[in-house]
Structure formats: C-alpha cells, structure tokens
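J.: This is the structure I have questions about; it appears just below.
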Amino acid sequence: MSELIVSRQQQVLLLTLNRPAARNALNNALLTQLVNELEAAATDSSISVCVITGNARFFAAGADLNEMAEKDLAATLNDTRPQLWARLQAFNKPLIAAVNGYALGAGCGTGIGCAMWWLPEENARFGLPEITLGIMPGAGGTQRLIRSVGKSLASKMVLSGESITAQQAQQAGLVSDVFPSDLTLEYALQLASKMARHSPLALQAAKQALRQSQEVALQAGLAQERQLFHLAGGNRRSS
Numbered sequence: 489m490s491e492l493i494v495s496r497q498q499q500v501l502l503l504t505l506n507r508p509a510a511r512n513a514l515n516n517a518l519l520t521q522l523v524n525e526l527e528a529a530a531t532d533s534s535i536s537v538c539v540i541t542g543n544a545r546f547f548a549a550g551a552d553l554n555e556m557a558e559k560d561l562a563a564t565l566n567d568t569r570p571q572l573w574a575r576l577q578a579f580n581k582p583l584i585a586a587v588n589g590y591a592l593g594a595g596c597g598t599g600i601g602c603a604m605w606w607l608p609e610e611n612a613r614f615g616l617p618e619i620t621l622g623i624m625p626g627a628g629g630t631q632r633l634i635r636s637v638g639k640s641l642a643s644k645m646v647l648s649g650e651s652i653t654a655q656q657a658q659q660a661g662l663v664s665d666v667f668p669s670d671l672t673l674e675y676a677l678q679l680a681s682k683m684a685r686h687s688p689l690a691l692q693a694a695k696q697a698l699r700q701s702q703e704v705a706l707q708a709g710l711a712q713e714r715q716l717f718h719l720a721g722g723n724r725r726s727s
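Using our numbering, the letters of the sequence shown correspond one by one to residues 489 to 727.
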C-alpha cells in the first residue's frame with residue numbers, strides 16, 4: 489500500500505500520510521512523494537487548496553530515526569532532506585493540516601515552515617522532542633517555531649523536549665481552532681472548499697505575503713504586499 493494516499497474533492501487535493509507502523513515518520517521516500525505531489529499541484533490550475541492529514545494517533549512523528557541511524561558521515565552531510573524541506577516550503581497554494589494525535593519533530597517544524605494552517609483535534613499534541621534523543625531540531629524547528637509562538641515557549645519546547653496540547657497551541661497562536669477528533673478532517677475539507685471558491689491568484693498572492701511577513705522586515709513586507717495587491721487586482725480587472 490502506498491505511504492501517501494492521494495485523493496481529490498473537486499478543487500481540493502487531499503494527501504494522507506500512511507505509514508502507521510512507523511507513526512507516519514517522514515522518511516526520504518515519503519517526503520519525496522509529498523513534495524512531488526505538492527509541486528504537481530502547484531502547477532495544476534484545477535487545484536486551489538491542499539489538505540494534509542495522518543491517522544487517528546499520529547499526524548507525523550518526525551523524521552525517520554531508523555533511516556537516519558543507517559547513514560554514515562558522508563551520507564549525512566549529503567542528505568537531500570534540506571532540499572526537500574525547501575521545496576516543500578515553496579508550495580504556493582493554501583495548505584491545511586488536519587491533525588489528529590501527535591505532530592512531532594519534523595512533523596511539527598515542517599508544517600510551520602510551509603505556512604500550514606494547523607487544524608488540530610482536541611487531543612492533538614505538538615512538540616520538538618529531539619533534545620530527549622541527544623540531538624536537536626534539524627528541519628528548521630529552532631528558527632520557525634520562535635516566529636510562531638515567541639521566544640519563551642519555543643525555547644521551552646526545544647530545550648525541554650516537552651510537547652504542548654492543542655489548547656496550549658491555540659493560546660500561543662500556533663493554531664486557529666480546535667475541534668472534536670471526529671470533525672477535524674471534515675472541517676478542514678469544508679474550509680478548503682470555501683477557500684477554493686476564491687480567486688486562485690489572489691489566494692497564492694495572499695499566502696506569499698503572509699509567508700514574507702515572517703521572513704523580511706516590515707517595510708520590505710509592506711512593499712511586497714503592495715506589489716502582490718496590484719498583481720491580484722490587475723488579474724481581476726483583466727478577467
């Protein structure tokens with residue numbers, strides 16, 4: 489069975505991580521499949537929004553530590569995952585994560601870097617537990633989490649390895665809503681369908697502006713927003 493289940497609901501692409509025995513750990517094969525599907529969706533005009541989900545217990549348990557342990561120094565230095573993370577982050581359309589259970593390590597840091605809209609169920613947990621394994625976050629978690637939840641909470645999560653609940657994540661601004669476990673995916677798909685009714689170019693421009701707000705100084709971000717505003721407005725007038 490495929491480790492990534494791909495389905496469509498009109499203009500919404502649904503990607504389901506499917507490595508239950510490995511707690512949906514993101515090995516290179518699964519990460520490559522995920523990136524390839526998103527890059528194909530990025531150029532497919534019939535797709536406006538993407539939803540990613542896992543199973544009832546795990547959204548994603550982070551990187552595949554068994555795979556990492558098999559790498560020697562040369563393989564580690566030439567690891568392709570940083571390039572895969574960058575390609576994932578470059579996805580230009582709205583990306584919603586319907587989270588049941590745990591989103592840990594790379595499964596948490598990757599979503600933050602991709603400007604995912606986290607929609608967790610009430611028992612979901614988010615964390616960067618790498619420090620408890622004698623390592624540290626390596627998928628951007630130390631740089632991205634602090635921009636989402638602030639220095640104090642990010643430092644606590646990274647340095648203690650403790651996870652936070654969905655309710656704590658909501659209070660910190662990491663997630664917007666928390667849902668009963670049996671409604672999370674349903675609501676995520678409803679939200680995606682609502683988004684998909686909007687102008688595709690406007691959606692992409694707005695996502696780009698939101699992402700830039702986390703990466704550039706305010707004045708540069710305002711200038712970029714204005715350019716994107718004119719781009720989206722010009723497209724509307726010409727359509």
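Backbone N, C-alpha and C define an ideal beta-carbon position, used for all residues, glycine too. Quick caveat: nothing in here was measured; it's all calculated off a predicted structure.
Between Q702 and Q696, what straight-line distance do the alpha-carbon atoms span, to the nearest angstrom?
T.: Roughly 10 Å between the two C-alpha positions.
J.: Using 7 Å as the threshold, is the C-beta distance between F667 and E609 below it?
T.: It is a contact, given that the beta carbons lie within the stated cut-off.
J.: Please name the residue, chosen from G629, G622, L621 and N580, that lies closest to A591 on a Cα-to-Cα basis.
T.: Answer by Cα proximity: G629.
J.: Any idea what DSSP makes of T672, helix, strand or coil?
T.: Note: T672 maps to helix in three-state DSSP.
J.: What residue range does the beta strand (DSSP E) around L503 cover?
T.: Start and end: V500 to L505.
J.: Let me check one thing: in DSSP terms, what residues is V539 bridge-paired to?
T.: According to DSSP, which records beta bridges pairwise, V539 is partnered with L502 and I584.
J.: State the Cα-Cα distance for the pair S648 and I619, rounded to the nearest angstrom.
T.: Their backbone Cα atoms lie some 7 Å apart in a straight line.
J.: How many angstroms separate the CA atom of D670 from the CA atom of Q707?
T.: D670 and Q707: Cα-Cα distance of roughly 43 Å.
J.: Run through the region 609–693 for me and flag every whole alpha helix (DSSP H) of 4 or more residues, listed as ranges in chain order.
T.: Correct list: 629–637, 639–648, 654–660 and 672–684.
J.: Do three or more CB pairs link the region 577–593 to the region 530–543 at distances below 8 Å?
T.: In short, these stretches touch, since the Cβ pair count reaches three.
J.: Could you check if S659 is buried or exposed, using at least 16 other CB atoms within 10 Å of its CB as the buried criterion?
T.: Checking the displayed sequence, the identity of residue 659 turns out to be Gln instead of Ser. Under this definition Q659 is an exposed residue.
J.: Quick one, are the C-beta atoms of V537 and M645 less than 7 Å apart?
T.: Cβ distance not < 7 Å, so V537 and M645 don't count as in contact.
J.: Which word fits D567, buried or exposed, when buried means at least 16 other C-beta atoms lie within 10 angstroms of its C-beta?
T.: The residue in question, D567, is exposed, as its Cβ has fewer than 16 Cβ neighbours within 10 Å.
J.: CA-CA distance, F461 and P508?
T.: Limits of the chain in this structure are 489 at one end and 727 at the other, which puts residue 461 out of reach.
J.: Which residue's Cα is closest to the Cα of D552: L501, L662, L518 and S636?
T.: Comparing Cα-Cα distances from D552 to each of L501, L662, L518 and S636, the minimum goes to L518.
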